[in-house]
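Just below is one structure, and these are the notes that go with it.
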Amino acid sequence: MDIYSKRLPTVKQLQYFIAVCEARSFRGAAEKLNISQPPLSIQIKDLEEKLEATLFLRNSHNVVLTKEGEELKSRVASLLTDLCSITKAIKSNNVEKAIIGTTKTLSFDFIPYFKLFFSDFSDETEIYKHNYTSKELLTELQKENIDFALVSDYQTRDANENSLLIYQEPMILVLPISHPCSQHERVDLNDVTDLPLFWFKQYMNPAFYDQCERVFKTLNYPIIRRAELADNLSMLLEVALGKGMMLLPQSMAQAKVEGVVYKKLIENQYTNLSVDIYLIWRKNLKMRPINEAIIHYFKNE
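In this note's numbering, each residue's number is its place in the sequence shown (first place is 1) plus 9.
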C-alpha cells in the first residue's frame, strides 16, 4: 500500500476515531464533534474495515480500546498534531496579519474580554511589541506602522481616525496592610485621606485625570497628592511602608508585594473611576477581511 491508495483512512475518520477515544463513548464523541451519532458510527465502521481490525469493544455504557485501537491512537494523535502544525504554519505564511498596538497602561493578558479576543484572532493578528503609551501608539498609527491601537486616552478626536469605545477598566485601590481600611471588603476614599496618593500630571492623560478630579471633589476632605515614582514596583514598596496609596487599573493589580493589599472602592466610586479603552484605526486603513472582522467583533460585543 502506498500514499495514493484509496484504502487509506481519511482525515475525518481519524478525527472521529480520536473523538471516540477521548469521550469513551459514541454519544459523547458525537456531541464533541457536533454531529449526530449514526454518521459517526458509519465512519468508525468504515475505518475498521479499511484497517481490517476491531478498534473498540462496545457495551451499553461505554467503549474500550482494543490492543489495535491503543496502537492506532498513539500514532494518530501525533499525526493529527503534526497536520495541525503544518496547516497553521502554511496559513500564517500566506495571511497578512493585522498589527495591533496595546497601551502599556493596562495588562491585557489579565482582562478576560481581551484575552478571549486575542485567542480568537491569534492566527490573524500580531501584537506590536513595544512598550508604548497611548499617545505614542497614536503616532505609530499615523505613521502606518500599526493597523489598530488599543489606547486608554483618546480625548482629542483626529479627523483622520476612527474610534470605538470598547471597554471600561475599573480602578483598584492599593493600601498598606497596616492601614485600618485594609480589613474592609470595600473602601471609601473618605476613609483614607490620611494617606498621600501617588498621582500623575494632567497632561499625561487629561480625560482620565478630569474624571478622577470630579470624584475627588465629592469627598469630605481633599486628597494629598504625591508625585508618581519611576515605576509601579517602587511605588508599591513605598505603599508597603505606609508612605502612600495608589489607584491602579484592575488588570495591573497583580504584583504580590508583602505589606500591600488591593481593595475595591465602594460602589459609587468604583463605577465612576474607570479607564476608557478605545479601538482606533485610520480612516484610510485598507479594509481587508481581517480588518473588517476585528472592527465587527468589537462593534457587536
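The beta carbon of each residue, even a glycine, is placed where N, CA and C say it ideally should be.
Per-residue DSSP class, three states only, for Y279: helix
Top-ranked residue by Cα proximity to N68, from A216, I109, R33 and M255: R33
- request: Check whether the segment 268-286 touches the segment 67-84, counting contact only when three or more Cβ pairs, one atom from each stretch, lie closer than 8 Å.
  value: no
query: Shortest alpha-carbon distance to D203 belongs to which of S83, I27, P231 and E222?
result: P231
field: Nearest-angstrom Cα separation, counted from L23 out to V160
entry: 45 Å
field: Rounded distance between the beta-carbons of K292 and N154, thought under 8 Å
entry: So it is not a contact: roughly 17 Å between Cβ atoms.
- request: Jot down the residue ranges of each uninterrupted alpha helix (DSSP H) in the segment 129-175, minimum 4 residues, whole runs only, in chain order.
  value: 143-151
task: Confirm, please, whether the CB-CB distance from M261 to G253 is below 9 Å.
output: no
- request: Determine the contact status of T114 and T142, defining contact as a CB-CB distance below 9 Å.
  value: yes
- prompt: Going by Cα to Cα distance, which pick from R297, L182 and A236 is closest to I275?
  reply: L182
message: I need the boundaries of the alpha helix (DSSP H) containing I53, first residue and last residue.
response: Q46 to L60
- prompt: So, is V248 buried or exposed, given that buried needs 16 or more other C-beta atoms within 10 angstroms?
  reply: buried
message: In the DSSP assignment, the beta strand (DSSP E) including I232 goes from what residue to what residue?
response: Neither: I232 is in no beta strand (DSSP E) and is coded neither H nor E.
field: Euclidean distance between Cα positions of P18 and L125
entry: 35 Å
Selected residue, minimal CA-CA separation from A216, among Y163, A264 and M255: Y163
message: Taking a contact to mean a Cβ-Cβ separation below 9 Å, would you say Q211 touches V284 in this structure?
response: no
message: On the DSSP letters alone, give me the boundaries of the beta strand (DSSP E) that I108 sits inside.
response: A107 to T111
query: Is P47 buried or exposed, if buried means 16 or more other CB atoms sit within 10 Å of its CB?
result: exposed
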